[in-house]
Structure formats: C-alpha cells, structure tokens
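Chains as they are written, first to last, in my numbering: chain A, 25 to 335; chain B, 95 to 403; chain C, 261 to 705.
Glycine residues also receive a C-beta, built at the ideal position from the N, C-alpha and C atoms.
Remember, predicted model here, so these are calculated numbers, not experimental data.
In what follows, a single structure is set out as structure tokens and then discussed.
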C-alpha cells in the first residue's frame, strides 16, 4: 500500500514535468514494474523458494540430522516396497481423480447449459456447494457417512438388501473411497470452469453446424471440445497439482490405511517425517512430488503456449 | 453492477448448444434432451449434497440419539443444543474471530500484491518478467507439506534474532497464507489483464496517464469481475487451510476454525458427532453465504479470464 | 530482565535444594517470579482438564509463578506434530506431555530428570519395566511417567452377550473386590468365545488399524505368544516359530472380527461397543464412559477385566504417557518442581478420580485408589482395570527391541499390517519376508 502511494505520487510529479527522453521513460517503466512485483518476489523468495531449498538440504541429512548422506535417503527409499506402493497409489489417485473430476465437471456443465437459462442459476448454486465447504470439514462428514459402526450409507444398503460395504476397511474400497471424496470435492470446480467456457462459445458456430445438419455428438466433438481445449488444459493441470499434493482428505479419511494402501506422497512423508521423527526421510518423500509435477506442468504449459501462438 | 448487467445480458442472449436454432414448437428431441438433463442433474445434486445435508441432520441430534443407531437419515428428537453449546462457548467464538481476521487480512494483502504484480507482468515487459511469470507457476510444484518444517525452523530463528515470536500466534498465518493465495491470484489476474485490449491502455498512456492511473482507472474497473473471482479464491483458500494452522498454532486462543473444530471437538474416544457436524456446518457457512451473493460476478469474471487466458 | 530473574530463580533453587537436604528437594515456598508454559494432553474424559488446571494453579499460587497451560489433543497426531515442531524450533513449552515412544525419540532435546525420578520412586514406589524401557535412555531418566493419559487397554466385555453366546461369566472370572479366578481364561477360550459371538452377530471389536488402540491390542497378542520380531540386541526374528504361531492365531481371530477392522481408529472400537454391536473391545474405560453418557443400558452390561493367557504369559496392552522437560526450556527448575507436585499421591488421586478411573499411574504404590472400586454402573466394573493383583505383564507393542526400532514397529503398525496382509490372502512366507525387509529399514540411523 505504502509503495503504491509513493509511486503514484512520484509518477504524477514526473508526468507533470516536460516530456523526458524515451530512454528515461523506459527506465522508469522497468523500475515501476520491478517495484510493483517486489512484494510478490519477496513473498515467494522468502517463504517458498528459501524453505524449499532448505527442505532439499534436509533431505540430504542422516536421520539424526548430524551427517550429510547425499542421496542416501533416496537410495534407501528405492529399496522399500511400501515406497513404491505409495508412488503407484499417488499416481492412481491423482490421475483417476482428475479424470473423473474433469468428466463429471464436463457433463454436468453440459446438462446445466442445456436447461432453460432461468433455472440455471439455482442448479449451479446447488452443485457448487461441495467446493465451497472447507475440505477438512466435508471429509469429516464423509468419514461419518462411512463410519464402520454407524455408516448411514450402509444403513441404506442393508435396507435395500445389499451387504454392507467396508468402505474404509478393504484396500480396494478404501482407494475407491478416497478417490470418491476427492472427486466429490473437486468436480464442481471443473463444472463451473467448463460452464463458463461453454457460455463463451459463439452461438453462430452452433447455428452454422445445425444448418449443416450436425448432431449433438458432432457439435460436441467439432465445436465444443476444440473451443474448450485451453480451459481443459488449465483446469486439468491445476487439479493434477493440487490432487497430487493432497493431504487433508486422505489424512482424515483413512490416514493411509489399511495396510498403507491409500497413502499418497504427502501423507506418507507426514507419517515418516513427523510421526516417525525421521524428518530427512519425510522431506525426501515429499520431494518426489516435484519432478512428477514438473514433467506434467512442462507438457501442459507447452501446449498452452502453442495454442496461444496459434490464436 | 456493470458485471452483473453484462452477465444477465449474456445469459439471456445466449442459448445452449442443444437449443433449437429456429423458434419452433418444442421438438421431441429437445424435450428428451431436457428430460435427461434434469434427470442427471438431479442425480448429481443428490451426490453433491448428501454430505452437507447429512451434516445438517446429524447436527440436530443429541449424542444419545446418535448412539441409539436408529434410522440415521431421520431426526426423531430434533434439538438445537449442539448449536447452542457451540455458539455460547468462548473458545468456539474465538476460533470464528481468528478465522475472520486471518481471512480478511490475507485476502486484502493478496489482492493488493497480486493485482500490482499481474499488472506489471501482463503489460510492462521488463528484465526477468517472463522468468518471474514462470516462477509463479512453479510455486505450485512446491507443496505445503514440504514447506512447513523448514518454515517452522525459520520462524524460530526469527524469534532468536529479533525477539519477535511468530510461533503459536494467529498472525503467523498472515505470513504463510499468502504463499498459497498470491501465486494463484496473480496467475488469474495475468490472464485477465492480458485479455484487456492493448489499445485501451495505450490510448490512455498517449493521453498522458501514468501507469498507476492506467491501473486504477482502467485495469481495475474493467477487470473487476476477475478481481472478485480472485478474491473468492483467496478467501476460500485462507478460510479452509488446515495443515499450516495445525502445525504453527497450538494454544486454543490462537486457533482458526477448521483446526479448532478438529482439535477441540473431536476427542478421540469420547466423540460427539452431533457437535462435530454442527461445527463443520458453521465453518462452511461464511464461504457459502459469500458465494451465494457473489456467484454471478464470479462466473462473469471467469468467462473472460478462462477463455482467453 | 528475564535473564536476571531466571538466574536468581536458579540460585534460589540450588540453595533450597541444599537446605532441604533429605526432604523433597523441590517442594518449597520459593517466592520467585517467572512463568512456566505447559502442553498437557487434552483429556478425553470431560472435566479432567479442569482438575489438572486447578492442581497446577495451586502450585502456581504457592510458588508465585505463572503457569500457562495448553491442552493439546492426540487426535490427528497433533501432539506429535507439536513435539516434532518444538524440537526443531528449539522453542515452545517448558513441559510437554509425550506419549509412549516420544521421550526416547526426542531424548536429545530433553532435560534428564534422574534427580526427581529418584525422589518420586522413593515416595511412590517403583515403576514397571515398560515404563523404565520407555522413559529412560542410556540409563538416564529423560521424562517423568505421567498420570494423565497413561492407560491400560484390557478387554471391556459385555456381561450379557458373553454369557449368552459363549457361556462365559466375566464377573465370576473377575469378581469385584477380589482376586481373579482366570486360570481358564486363555487364548483358546478367547478365540472360541470370539467365534461364538461373531456367529451370533455380536463380534469382538478388536481393531487391526494403524492407530494406538489397534497396535497395542495386537502387540499384546504377539507378546503373549513370545513372538518378538526383534530382540534386545536388535537381531531380527520375523520368521521364528512363535511369530508363525501368533500369525495363525491372529488369522483365526481376525476372520471373526468386523469386516472393516483394518480401518479402525481409536474411536471405532468405542463406537462398536456403544452401538450395541460388539461383545468385547480392548480399550480403557472411555468407551464405557461414553456408553454411560449416551446409552446407559449398555454401560450397565460392561465389565473391564484382564487379558487371556498366552503360551508366553499373560500380557496386557499398556500405554504410558510421560511429561518431558525441554532442555532448551527457559524455566527448567520450576518445571521440575511442577512435575513433582503433579506426582504427589494426593494430586494423582485427584487426577485419577477426575478421569473416571481412566488414568493409570505408573508407580506401584498408586494403584489402589477408591475410584476404580467405586465407579458404576455396574458397581466394580473398573475394579480390575488397574490390574490390582498384578497378574498381567504390562507390555508395549514392539518391545523388547531397541527403542528406535520398536518405535518404528509401533508407529508403522507393522504387526497389525502383517495380520491384515495374511488375512487378505497373502502367503505367510511372503508376509514374513515383507516384515523382515521392513524391519531392516527400521534400524536406520
């Protein structure tokens, strides 16, 4: 705030003076730009970049943090069966959750778009609720719905004559449950983004297609999808990152169990680093998220830039 | 106001892809499409709303009724006792107050920082600006689960050298939350500012406006829907954050709402799910209310930002 | 300023200690100013925290010292998170409640308490081996066993259901106010009863999850079969006959436990009992206390008693809590004094009463409080909770392995995971090989 105020003042003065040379203008422009971005740079440098490097440093120390072991922690992890299970589960969790979120979001957006405009607001409002509730809180509700002794879902199943399901007790059901809750939480975000994108597709395109006799699927495939390609990339990318780093949902719902089958990187590193008191090993596990996310980010970023250049 | 008007206009002018182009009688196709749309929307509404509704149902039950294990979907003896207990407990009111203070301050700081930075990054190419834009994006590759131990140690060092105690104080969250909100909001605002026609600000500059005037007189008003969208993002994130407050604050009077609920209401063996669900519902209320009022702005903002960013 | 005060305080303390000589060196009326910050365990029994606050306040008033208390829950591992964070930051509370393995794990940052432990053992009687195993490192006491939070997780049975389904009268076996007649209460009887109750629709509620209730319970079965995965010297015995034996037993028992036992947390067994489904759980009296609050009819049928006898002895799952003093704390002398105050028999009695008998002091002379005999309904339901006739070996899962390995066995819930893997159809040989490779990883330094 203070920065802005002084800059504005200073600039007004400068502007009031007779025109200065182009070079000086350029200089001033970059100075202002730098000052405008300075708070951002400070926040990121001191509270993200620095601690991140510090974490890298931690990951190279021995358990007692007194000795430098280089890649020792990573080599140790490579030899552990549980670690590879976590890698596998993190990938399965993130990819399947994002795919289902994107699909559900896409179709729900279409359904909303298909009904008369008058009613859209109401439906959209209701369907957005999961995304607005803090995830730690809504996961508690799911936990309570899945509770072994008081499960309200199993109560319904039993009354329909179906055997109760051990939602959190069986490894496969537990994996299903954490993905389900993640999809439930994230799908509305996709829905709202896709709905926004759908609304921006020019009607003329559809009119032209209708005149040419295109059916619903053709319109979807040849008009809607290409027009939405950008937004799909962006939402998928962000969701992939957030889902990969997810902590709350798995932690509250299963805490990684049963038999480690639902651990993702974040919960496993918490287990090793905080609960297990092996901070370097925990840091090493969480560092594994970075390259995986980096690769996906590079791909999607390239795609966006390419699209951007074509446009 | 402007944004709402724009949105309403868009809303009424534009039709869906499955709508008939020519004004005619409702075709059978159209009616069938409508039926299935409503059918599936209904299904998804049930799926999406079951947990909050169940929260609400549970919040009306006494622990005796819950332990009785009768029909969990029905309230036999509704009671507001859980709400009364929570809303008269000083502890719980402190959580609400802490959450509100943290969220409001973080949202303000975030918006100032990210609007300024986004303006510079989208319009004023300078040395390193491209790198910085990529750098903001890369922040998302560093999860908070990786950062909280080194951050904790940093705060301890700050205490050691300056005497400023940050740990176990609610205001430490003012420092760490922006790391979660600023990059994303800047990212949104860059996309949004980029969609403003260059002619607009070039004309203003030629007319002798300063950069700051361009920002406050042109960019901010035109990009208002985007700013509101980013504000909502920032609010949602700071209201819902869980890991950082869990790690950095322990005293009951310093806790924010989500952590307060999880750490004071859930007592392991002596659970009281009626109160837990009530607390969760109360924690969910402010974002829901704000959302209900600003939804239209939000969507209008996203429309422009998303399709062009 | 603070520093000056502190050193004055320390001088006073030393003088007082010398002066008091043989008497309790840390109880005195020193009028030193200062402040002690404490992070206690947030008790699950309502009202227990208030009693703790009152007892601390008495001490504070007497010594003119300000005490600031935070109650930190163990739910979501918040207490472990706090301990790890404070050790890293070398700042935080002066005294922190540390569960089971934490003293050993955090030993490097804890103030030795040999002096006050010597006094306390003289005053309150000796402590059991598990407490010594957990509270000492390299021969030195590094934490004081806490009354608050220390618990015994023996069976809590439904009198009616066990009688009806399995023909076992637990009240006759463990009569209130008298010595148990439990010679026939062995592993075979136990698993047969479990099978009968499960067949009748009221299974035993023993968790196979990764939180402490499950780990403690399964750990006691391992100990009862002498199935120590790692011995005192750190040698692995994952493939020993005893381990195979307990695995077979657990498979038999596990197959009659609830289907989602593998996902149970510390509250699941309580809910299972309170909802009326379970015939027995392994838990401290908190489940019974909840039943008393919400479903009194079930509470009246609950009876807490001892564990069944195994081939290697009668082992009971025991989970002690400790109070540790950070060596970087700013007021260590006062902190020690407060801990002595909290361990005075009178105050321990108050804490036990406030917790409804949940808290179990570790000192030998402190196991005969009236609370356990008086609590009702039914009268005497908790009489055998503190094991008044010392018939059980109080054990902790993972023992007797060297503490750093045992801590990992416990924290990673290795034993319950082995059981769950075997239950879910994996071959015994492959389960044991997996366990062996995990154990090799635990010895990391």
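- [ ] Verify the CB distance criterion: does residue 535(C) have a CB-CB separation below 8 Å to chain B?
- [x] yes
Task: residue 354(C) classed as buried or exposed, judged by whether at least 16 other C-beta atoms fall within 10 angstroms - done: buried
Task: Neighbourhood of residue 179(B) by C-beta distance below 7 Å, restricted to the same chain and skipping five residues each side - done: 369
Task: 7 Å Cβ cut-off: residues of chain B touching residue 91(A) - done: By Cβ distance, chain B contributes nothing, its closest Cβ being about 18 Å from residue 91(A), past 7 Å.
Open item on the list: Distance cutoff 8 Å, beta carbons only. Does residue 697(C) sit that close to anything in chain A?
Closed with: yes
- [ ] Give the C-beta separation of residue 296(C) and residue 598(C) to the nearest angstrom, bearing in mind that I take them to be a contact with Cβ-Cβ under 8 Å.
- [x] 6 Å
Task: Through-space distance from residue 559(C) to residue 716(C), alpha-carbon basis - done: The structure shown does not extend to residue 716(C), since chain C spans only 261 to 705, so no value can be given for it.
- [ ] Label residue 136(B) either buried or exposed according to how many other C-beta atoms from any shown protein chain fall within 10 Å of its C-beta, with 16 as the threshold for buried.
- [x] exposed
Task: Residue span of the alpha helix (DSSP H) that contains residue 225(A), given as start and end - done: Counting along the chain, residue 225(A) falls outside any alpha helix (DSSP H), and DSSP gives it neither H nor E.
Open item on the list: Please identify the residue among 123(B), 154(B), 243(B) whose C-alpha is closest to the C-alpha of residue 173(B).
Closed with: 154(B)
TODO: Evaluate contact between the stretch 646-662 of chain C and the stretch 584-592 of chain C, counting only Cβ atoms and requiring at least three cross-stretch pairs below 8 Å.
DONE: no
Task: Coil, strand or helix - residue 118(B) by DSSP - done: Because residue 118(B) sits at a pLDDT of 46, beneath the cut-off of 50, its placement in the model cannot be relied upon, and the point is left open.
- [ ] State yes or no: is the beta carbon of residue 694(C) nearer than 8 Å to at least one beta carbon in chain A?
- [x] yes
Open item on the list: Does the structure place the stretch 539-546 of chain C close enough to the stretch 336-347 of chain C that three or more beta carbon pairs sit under 8 Å?
Closed with: no
TODO: Answer yes or no: do residue 155(A) and residue 209(A) have a C-beta to C-beta separation smaller than 8 Å?
DONE: yes
Task: Own chain partners of residue 177(A) with C-beta closer than 8 Å, once the 5 adjacent residues on each side are dropped - done: 169, 170, 189, 191
Open item on the list: Can you confirm whether residue 528(C), when its beta carbon is compared against all beta carbons of chain A, has any partner nearer than 8 Å?
Closed with: yes
- [ ] For residue 282(A), collect the residues of the same chain with a Cβ closer than 8 Å to its Cβ; drop the 5 residues on either side in sequence, then sort them by chain order.
- [x] 192, 193, 194, 195, 198
Open item on the list: List, from N- to C-terminal side, the beta strand (DSSP E) runs of 3 residues or more that fit wholly inside the stretch 340-425 of chain C.
Closed with: 355-359, 404-412, 415-418
Task: Proximal residues to residue 377(B) (C-beta, below 7 Å), its chain only, five neighbours per side dropped - done: 351, 352, 355
TODO: Classify residue 545(C) as helix, strand or coil using the three-state DSSP reduction.
DONE: coil
Task: Buried/exposed call for residue 400(C), threshold 16 Cβ in 10 Å - done: exposed
Task: Residue nearest to residue 238(B) in terms of C-alpha spacing, selected from 214(B), 326(B), 272(B), 212(B) - done: 272(B)
TODO: For residue 128(B), go through chain A and note every residue whose CB falls closer than 9 Å to its CB, in chain order.
DONE: 138, 139, 140
Open item on the list: Does chain C have any CB closer than 8 Å to the CB of residue 360(B)?
Closed with: yes
Task: Proximal residues, the stretch 152-186 of chain B versus chain C, C-beta separation under 8 Å - done: 157, 158, 160, 161, 162, 163
- [ ] Give the secondary structure of residue 114(A) by DSSP, where H, G and I count as helix, E and B as strand, and everything else as coil.
- [x] helix
TODO: Throw me the rounded Cβ distance for the residue 358(C) and residue 403(C) pair, which I believe falls under 8 Å.
DONE: 6 Å
- [ ] Answer yes or no: does any C-beta atom of chain B fall closer than 8 Å to that of residue 421(C)?
- [x] no
Open item on the list: If the cut-off is 7 Å on Cβ atoms, which residues from the stretch 267-282 of chain A count as contacting chain B, listed in chain order?
Closed with: 269, 271, 272
Open item on the list: Here's the rule I'm using: 16 or more other beta-carbon atoms within 10 Å means buried, otherwise exposed. How should residue 181(B) be labelled?
Closed with: exposed
TODO: Taking residue 146(A) as the query, report the chain B residues whose CB atoms sit under 7 Å from its CB, ordered along the chain.
DONE: Under the 7 Å cutoff, chain B gives no residues; its nearest Cβ is about 10 Å from residue 146(A).
TODO: Please compile the residues from chain B whose C-beta is within a distance smaller than 7 Å of the C-beta of residue 641(C).
DONE: The contacting residues do not exist; residue 641(C) stays about 16 Å from chain B at best.
Open item on the list: Can you confirm whether residue 261(B), when its beta carbon is compared against all beta carbons of chain C, has any partner nearer than 8 Å?
Closed with: yes
TODO: Return helix, strand or coil for residue 326(C), following the three-state DSSP convention.
DONE: strand
- [ ] Between the Cα of residue 323(C) and those of 594(C), 608(C), 685(C), 670(C), spot the shortest distance and give me the residue it belongs to.
- [x] 594(C)
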